[in-house]
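J.: All residue numbers for the sequence shown refer to our numbering, where the first residue is 2 and numbers rise by one.
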Amino acid sequence: MIATITLNAAIDKTIEIDSFTPGSVNRVLKSHMEPGGKGINVSKVVKALGGSTIALGFVGGDSGKWIDESLSALEIETDFVLINQETRTNIKIIDTAKKQITDINDQGKEVEEIWVERLYDKVRLWAEASNVMVFSGSLLPNISSDIYQKLIQIAKEKGCKTILDADGQALLDGAKAAPYMVKPNIHELENTFGVKLKNEQDIIKCCQFFLEQGIGIVVISMGAEGALMITKDGAWKTEKIKVAVKNTVGAGDSMVGAFAYGIDKGYAPVEILSLAVATATVHVEQGTVFSQYSVIEQYKKRVKILEIR
Ligand SMILES: Nc1ncnc2c1ncn2[C@@H]1O[C@H](COP(=O)(O)OP(=O)(O)O)[C@@H](O)[C@H]1O
Ligand SMILES: O=P(O)(O)OC[C@H]1O[C@](O)(COP(=O)(O)O)[C@@H](O)[C@@H]1O
2 MIATITLNAA IDKTIEIDSF TPGSVNRVLK SHMEPGGKGI NVSKVVKALG
52 GSTIALGFVG GDSGKWIDES LSALEIETDF VLINQETRTN IKIIDTAKKQ
102 ITDINDQGKE VEEIWVERLY DKVRLWAEAS NVMVFSGSLL PNISSDIYQK
152 LIQIAKEKGC KTILDADGQA LLDGAKAAPY MVKPNIHELE NTFGVKLKNE
202 QDIIKCCQFF LEQGIGIVVI SMGAEGALMI TKDGAWKTEK IKVAVKNTVG
252 AGDSMVGAFA YGIDKGYAPV EILSLAVATA TVHVEQGTVF SQYSVIEQYK
302 KRVKILEIR
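1) Taking 7 Å as the cut-off, is the CB of asparagine 186 close to at least one heavy atom of ligand 1?
2) What are the boundary residues of the beta strand (DSSP E) that aspartate 222 is part of?
3) To which residues of the same chain is valine 290 closer than 7 Å at the C-beta, ignoring the five residues directly before and after it?
4) Label proline 23 either buried or exposed according to how many other C-beta atoms from any shown protein chain fall within 10 Å of its C-beta, with 16 as the threshold for buried.
5) Please list, in chain order, all residues of the same chain as glycine 215 whose beta carbon is under 7 Å from its beta carbon, the five residues on each side excluded.
6) Rounded to whole angstroms, what is the Cα-Cα separation between valine 112 and asparagine 200?
7) Using a Cβ-Cβ cutoff of less than 8 Å, which residues in the same chain neighbour lysine 233 once the five nearest sequence positions on both sides are dropped?
8) Can you grab the Cα-Cα spacing for the pair glutamate 240 / valine 304, in whole Å?
9) With DSSP as the reference, label phenylalanine 81 as helix, strand or coil.
10) Given 8 Å as the limit, is there contact between the stretch 190–198 and the stretch 224–231, that is, 3 or more CB pairs closer than that?
11) Is there at least one non-hydrogen atom of ligand 1 closer than 7 Å to the beta-carbon of threonine 5?
12) Tell me the DSSP secondary structure of glycine 175 in three-state form.
13) Hey, would you say leucine 57 sits closer than 8 Å to isoleucine 6, going by beta carbons?
14) Which of helix, strand or coil does DSSP assign to proline 270?
15) Span of the alpha helix (DSSP H) holding arginine 119?
16) Going by CA-CA distance only, name the one from Leu83, Gly258, Tyr149 and Ala277 that's closest to arginine 119.
17) Short of 7 Å in beta carbon distance, which residues of its chain neighbour valine 43, apart from the five on each side in sequence? Order them along the chain.
18) Roughly how many whole angstroms lie between the Cα atoms of glycine 267 and isoleucine 306?
19) Going by Cα to Cα distance, which pick from Asp203, Gly235, Phe210 and Leu140 is closest to alanine 11?
20) Would you say the beta carbon of threonine 249 comes nearer than 7 Å to a heavy atom of ligand 1?
21) Classify glutamate 35 as buried or exposed, calling it buried when 16 or more other Cβ atoms lie within 10 Å of its own Cβ.
22) Looking only at C-alpha atoms, which of Gly169, Asn143, Ser145 and Ala176 sits nearest to isoleucine 153?
23) Could you tell me if aspartate 367 is buried or exposed, where buried requires 16 or more neighbouring beta carbons within 10 angstroms of its beta carbon?
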């Protein structure tokens with residue numbers, strides 16, 4: 002079982018506009034809503050790959066109820082803490098002419114301490130039944146930056162392998178608990194360390210920090226440029242795969258979902274990297290991961306991995 006923890010869930014409302022122009026009236030061509038937030042997206046990917054998953058975290062209000070019901074319709078098990086604040090809606094604007102995506106992400110609402118305690122209880126409970134726990138995404142505004150560190154410690158004590166996909170102080174604090182894997186994207190890595198990373202060697206050097214904490218697998222996703230994976234045994238990069246982009250929102254979560262699935266199955270890291278890039282590529286090209294596993298298997302043939310250290 003793979004449990005995902007989303008502290009800042011979201012309805013992702015995607016709107017398509019031809020030539021989006023800030024400061025003027027824009028007419029929407031098409032729109033749709035999906036249950037989102039990083040951990041929830043990971044659960045959707047695990048489900049699509051055929052794994053078993055449960056989505057945990059906070060949801061509230063009508064939007065929270067909608068997220069819960071939408072996941073049930075996808076046959077994804079949930080055990081959310083229901084809070085008395087409305088879950089956020091994030092807007093994703095796809096400019097169909099410029100082929101550009103703009104993310105407008107709400108920060109979410111504060112959560113009372115009693116509900117945070119309830120979440121700790123649920124993580125303790127589900128850690129007993131899970132092999133892998135994934136902690137993903139931004140924190141609600143009043144949550145302390147060391148929450149992932151504490152939750153990862155709990156999950157590890159119960160024998161779970163843990164994955165952290167976070168940013169800034171939450172990533173630095175969370176890393177102190179030595180999760181099994183971290184996956185920031187390149188921008189998050191640069192922002193977190195306040196550096197500009199010009200080449201692969203810079204990235205590898207920067208990621209030593211994570212290895213020194215005892216983290217087993219460090220994956221840096223780099224959008225259209227592919228991904229880099231660093232472990233104590235070496236470093237690998239994937240070659241660029243050119244695709245017609247439909248939607249990149251959640252591509253990183255597809256990658257994390259495939260890693261969670263592969264780690265749960267006990268696959269070797271390089272094999273998982275190939276599955277993860279194939280899954281993210283299908284996501285970017287088709288705008289969804291709910292395609293057949295056989296399609297993802299086909300895409301694996303396009304993934305070229307080079308050992309660089
Ligand atoms: N424009 C793109 N073209 C091809 N592949 C892409 C593109 N954007 C993302 N991907 C794939 O998805 C993975 C994750 O995307 P990325 O944007 O780095 O993550 P995040 O969503 O966390 O920012 C990349 O490593 C790559 O394999
Ligand atoms: O593109 P990514 O990094 O995989 O994540 C996409 C998800 O992250 C979000 O943009 C939210 O991100 P944050 O939790 O960092 O605010 C969601 O709206 C979306 O579902």
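Glycine residues also receive a C-beta, built at the ideal position from the N, C-alpha and C atoms.
Since the structure is predicted, the reported quantities are computational estimates derived from the model, not experimental observations.
T.: Once the coordinates are examined:
1) Position 185 of the sequence shown, counted from the first residue, corresponds to residue 186. At least one heavy atom of ligand 1 lies closer than 7 Å to the C-beta of asparagine 186.
2) In the sequence shown, residue 222 corresponds to position 221, counting from 1. Per the sequence shown, the amino acid found at residue 222 is serine instead of aspartate. First-last of the beta strand (DSSP E) with serine 222: 218–222.
3) Locating residue 290 in the sequence shown gives position 289, where the first residue counts as 1. In the same chain as valine 290, and ignoring 5 residues on each side of it, the C-beta atoms closer than 7 Å to its own belong to Lys45, Val46, Ala49, Ser255, Thr280, Val283 and His284, in chain order.
4) The count along the sequence shown starts at 1 and reaches residue 23 at position 22. Result: exposed.
5) Here residue 215 is taken as the residue at index 214 of the sequence shown, counted from 1. Taken in chain order, the residues that qualify are Ala179.
6) Looking up residue 112 in the sequence shown gives position 111. Looking up residue 200 in the sequence shown gives position 199. Cα to Cα, the separation comes out at about 40 Å.
7) Counting from one through the sequence shown, the residue named residue 233 turns up at place 232. Leaving aside the five residues that flank lysine 233 on each side, the residues in its chain whose CB is nearer than 8 Å to its CB run, in chain order, Leu212 and Gly217.
8) In the sequence shown, residue 240 corresponds to position 239, counting from 1. In the sequence shown, residue 304 corresponds to position 303, counting from 1. Straight-line spacing of the CA atoms in glutamate 240 and valine 304 works out to 7 Å.
9) As a first step, residue 81 must be located in the sequence shown, where it is residue number 80. Residue state, collapsed to three classes: coil.
10) Touching, no.
11) The sequence position of residue 5 within the sequence shown is 4, counting from 1. For ligand 1, no non-hydrogen atom lies closer than 7 Å to the CB of threonine 5.
12) The sequence position of residue 175 within the sequence shown is 174, counting from 1. In the three-state reduction of the DSSP assignment, glycine 175 falls in the helix class.
13) Residue numbering aside, residue 57 sits at position 56 when the sequence shown is read from its first letter. Residue numbering aside, residue 6 sits at position 5 when the sequence shown is read from its first letter. The Cβ atoms of leucine 57 and isoleucine 6 lie closer than 8 Å to each other.
14) As a first step, residue 270 is located in the sequence shown; it is residue number 269 there, counting from the start. Under the three-state reduction of DSSP output, proline 270 falls in the helix class.
15) The residue you call residue 119 lines up with position 118 of the sequence shown. Per DSSP, arginine 119 belongs to the alpha helix (DSSP H) from 114–130.
16) Your numbering for residue 119 matches position 118 in the sequence shown. Proximity to arginine 119 across Leu83, Gly258, Tyr149 and Ala277 peaks at Leu83, based on C-alpha coordinates.
17) Translated into positions along the sequence shown, residue 43 becomes position 42. Closer than 7 Å at Cβ, skipping near neighbours: Thr5, Val135, Ser137, Asp254, Val257, Gly258 and Ala261.
18) Position 266 of the sequence shown, counted from the first residue, corresponds to residue 267. Position 305 of the sequence shown, counted from the first residue, corresponds to residue 306. Inter-residue distance for glycine 267 and isoleucine 306 is about 20 Å (C-alpha atoms, whole angstroms).
19) Along the sequence shown, one-based indexing puts residue 11 at 10. Ranking Asp203, Gly235, Phe210 and Leu140 by Cα distance to alanine 11 puts Leu140 first.
20) Within the sequence shown, the letter at position 248 stands for residue 249. Correct: threonine 249 has its Cβ closer than 7 Å to ligand 1.
21) As a first step, residue 35 must be located in the sequence shown, where it is residue number 34. For glutamate 35, the number of other beta carbons within 10 angstroms of its own is at least 16, and it is reported as buried.
22) The count along the sequence shown starts at 1 and reaches residue 153 at position 152. Among Gly169, Asn143, Ser145 and Ala176, the Cα nearest to that of isoleucine 153 belongs to Ala176.
23) Beyond the ends of the chain as shown, which are 2 and 310, falls residue 367; an answer cannot be given.
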